[in-house]
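Chains as they are written, first to last, in this note's numbering: chain A, 98 to 210; chain B, 9 to 121.
Glycine included, each C-beta is placed from N, C-alpha and C at the ideal position.
The structure appears right after this line, and notes come after that.
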Amino acid sequence: NAGVMQNPRHLVRRRGQEARLRCSPMKGHSHVYWYRQLPEEGLKFMVYLQKENIIDESGMPKERFSAEFPKEGPSILRIQQVVRGDSAAYFCASSGSYQETQYFGPGTRLLVL
Amino acid sequence: QKEVEQDPGPLSVPEGAIVSLNCTYSNSAFQYFMWYRQYSRKGPELLMYTYSSGNKEDGRFTAQVDKSSKYISLFIRDSQPSDSATYLCAMSAGIQGAQKLVFGQGTRLTINP
Chain A
98 NAGVMQNPRH LVRRRGQEAR LRCSPMKGHS HVYWYRQLPE EGLKFMVYLQ KENIIDESGM
158 PKERFSAEFP KEGPSILRIQ QVVRGDSAAY FCASSGSYQE TQYFGPGTRL LVL
Chain B
9 QKEVEQDPGP LSVPEGAIVS LNCTYSNSAF QYFMWYRQYS RKGPELLMYT YSSGNKEDGR
69 FTAQVDKSSK YISLFIRDSQ PSDSATYLCA MSAGIQGAQK LVFGQGTRLT INP
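Listed below in structure tokens is the structure:
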């Protein structure tokens with residue numbers, strides 16, 4: 098009865114490198130959401146995906162950030178050319194079809210040096 | 009003005025006290041209301057989920073929604089040291105609107121033995 102899985106749990110990158118964050122939704126869930134939590138702040142929505150489709154990316158920064166949820170495999174949040182301001186905890190959540198509740202993973206803590 | 013306002017605290021109460029946590033919101037489209045508990049450096053854990061106005065009780069936890077006042081509350085009875093965490097309110101317009109969750113800043117709660 099695995100919940101939402103995220104890896105890696107911790108990621109250190111130098112400025113200018115790429116960061117790839119992975120999320121496997123809860124079994125039976127086909128909807129994936131990514132949120133970002135900056136220090137001392139609440140969670141901010143980034144993007145909502147279903148298999149092979151981006152449904153809502155209204156919270157994604159216009160540059161350097163992208164997300165996908167392929168037919169097979171986990172959802173990926175990619176951050177290109179990272180900057181120090183990208184340092185944050187990134188959480189993935191999943192839900193089932195026609196379900197309003199979202200269940201969160203343990204998060205990936207990204208540190209940009 | 010933020011869509012969801014939540015007093016960040018910190019809030020410190022003695023063990024056994026009744027705790028009241030609150031959020032106000034401005035978007036009348038919100039219909040689904042959730043409370044999450046987040047322990048330090050962990051992912052948010054869903055505590056309570058309420059649709060529209062009314063009360064919902066689950067063990068020591070009671071969630072209240074007053075849509076006319078755009079005000080939601082979470083009450084914790086017989087509080088325990090293990091309840092010490094950050095409590096996040098979250099809400100969405102739902103499937104017919106936008107499924108993304110909008111979070112409050114979170115209230116940091118400490119229960120003192």
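Per DSSP, the bridge partner or partners of Arg119(A): Asn104(A), Ile173(A)
Straight-line gap, Gln114(A) to Leu208(A) (C-alpha atoms, nearest Å): 12 Å
Pairwise C-alpha distance: Asn150(A) and Arg85(B): 43 Å
Which residues DSSP lists as bridging Ala93(B), in chain order: Leu117(B)
Proximity of Ser87(B) and Gly24(B) at Cβ, strictly below 8 Å: yes
Residue of Lys148(A), Lys159(A), Gln103(A), Ala185(A) minimising C-alpha distance to Ser121(A): Gln103(A)
Where the beta strand (DSSP E) through Gly62(B) begins and ends: 62 to 66
Environment of Tyr187(A) [buried if 16+ CB atoms lie within 10 Å]: buried
Rounded C-alpha distance that separates Arg111(A) from Thr70(B): 45 Å
Cβ-based burial, His128(A) [other Cβ within 10 Å; buried from 16]: buried
Residue-chain proximity (Leu207(A), chain B), Cβ-Cβ < 8 Å: no
Inter-stretch contact at 8 Å, needing at least 3 Cβ pairs: the segment 108 to 121 of chain B / the segment 29 to 41 of chain B: yes
Cutoff 8 Å; reference Gln147(A); Cβ partners in own chain excluding five residues on either side: Ser127, His128, Val129, Phe166
8 Å Cβ cutoff met for Cys31(B) and Glu53(B): no
Neighbour flag for Ser100(B) against chain A, beta carbons, 8 Å: yes
Any C-beta of chain C under 8 Å from that of Leu82(B): Although the question refers to chain C, the structure presented lacks it and instead comprises the protein chains A and B.
Spatially closest choice to Glu178(A) from Ala99(A), Val101(A), Arg117(A), by CA coordinates: Looking at the sequence provided, one finds Gln at residue 178(A) rather than Glu. Cα-wise, what sits closest to Gln178(A) is Arg117(A).
Closer than 8 Å to chain B by CB, Leu174(A): no
Cβ-Cβ distance between Phe201(A) and Val101(A) below 8 Å: yes
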